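Student: Quick one: this structure, given as structure tokens, is what I'll be asking you about.
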Amino acid sequence: MDTHNDVKLREFLKRGAAKADGELRRDLWPAMARRMEQSERRVPWFDWALLGALTASLAFVPRIIPMLLYHL
Amino acid sequence: MDVQERFARGDRDAFEELFRQFQGEVFRWVMRIVRDRGIAEDLTVESFWKMYRAHARFDPSRAFGAWARRIATNLALDHLRRAKRETALVDEPVDVASRGNPALQREMRAEIAAAFEKLAPKLRVVARLSLIEEVPHREIAEALGISEAATRVRLFRATRILREELKELVESHGHA
């Protein structure tokens, strides 16, 4: 490894690129709470699949409707 | 039962407590990698969301901070892989010698940003954290889930590329 050149590169980067300002200026909890709420409200894909299957059954085999109503 | 144990069992209040305690630390770490305040905030929230969903896999006998940093690093790395354009490496001038010449500063920043952009994301992360943020190799290795030796290898490869890309600029500034 070219140590001399590495030292020069490090020095150059130190002069040319500042460290990131990592101070958090606002509380992120409200954004976190929103993220959690959104996800809790989201209907799982399995429920959509079930609803789709039920709708398809009712459309293609309408005679099951009275049977279904009877059981409800 | 302490807060980490309660979190591991899925307690939302414990999660909020940990979030408030560690949000600054996670944000600071992500900011060092992505160098964009808005993206760092989004990735911080996304990281905690991932932690919340993975609560059952968290071992409460281990440090929450290190676990959080590891998850945040992976998400930041994914972001770098997806992002097309390199974020500027500097927010404000730091070179005292060239402070009087903004054009020179701009050129220097642009060249450095372009050189970093040429690095693969996994090399870029190590280069940023080590060469610019001066984070110890042990901490980088821990956050990336690799050995210190692997971290040194990545840094060596990144340095070689950067040295080549910035050769002329480094030389001209060295003689200035």
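Residue numbers (this note's numbering), protein chains in the order written: chain A, 1275 to 1346; chain B, 611 to 786.
Each residue gets a CB set at the ideal place from its N, CA and C atoms; glycine is no exception.
Please read these numbers as outputs of a predicted model, since none were measured by experiment.
(1) Mind checking SER657 of chain B: buried by the 16 CB within 10 Å criterion, or exposed?
(2) Roughly how many whole angstroms lie between the Cα atoms of ASN1279 of chain A and ARG645 of chain B?
(3) Shortest alpha-carbon distance to LEU754 of chain B belongs to which of B:TRP677, B:ARG630, B:ARG773?
(4) Grab me the residues of PHE632 of chain B's own chain with a C-beta within less than 7 Å of its C-beta, minus the 5 sequence neighbours each way, in chain order.
(5) Mind checking if THR769 of chain B is an interface residue toward chain A, Cβ cutoff 7 Å exclusive?
(6) Buried or exposed for GLN715 of chain B, please, with buried defined as at least 16 other CB atoms from any protein chain shown within 10 angstroms of its CB.
(7) Measure the C-alpha to C-alpha separation of SER1331 of chain A and GLU752 of chain B and round it to an integer number of angstroms.
(8) Rounding to the nearest angstrom, what Cα-Cα distance links GLY620 of chain B and SER671 of chain B in this structure?
(9) Check VAL1281 of chain A in the structure and name its three-state DSSP category.
(10) Along chain A, in chain order, which residues have C-beta atoms closer than 7 Å to that of ARG630 of chain B?
(11) For the segment 651-664 of chain B, which residues have a CB atom closer than 9 Å to at least one CB atom of chain A, in sequence order?
(12) Quick check: the Cα distance between LEU687 of chain B and LEU1325 of chain A, rounded to an integer number of angstroms?
(13) If you check the beta carbons only, do VAL780 of chain B and LEU1283 of chain A fall under 7 Å apart?
(14) Here's the rule I'm using: 16 or more other beta-carbon atoms within 10 Å means buried, otherwise exposed. How should TYR1344 of chain A be labelled?
Tutor: Based on what the coordinates show:
(1) SER657 of chain B should be labelled buried.
(2) 26 Å
(3) B:TRP677
(4) Answer for PHE632 of chain B: PHE674, GLY675, ALA678, listed in chain order.
(5) yes
(6) By the neighbour-count rule (16 or more Cβ atoms within 10 Å), GLN715 of chain B is buried.
(7) 54 Å
(8) 16 Å
(9) Three-state DSSP puts VAL1281 of chain A in a helix.
(10) TRP1303
(11) GLU651, ASP652, THR654, VAL655, GLU656, PHE658, TRP659, TYR662, ARG663
(12) 38 Å
(13) yes
(14) exposed
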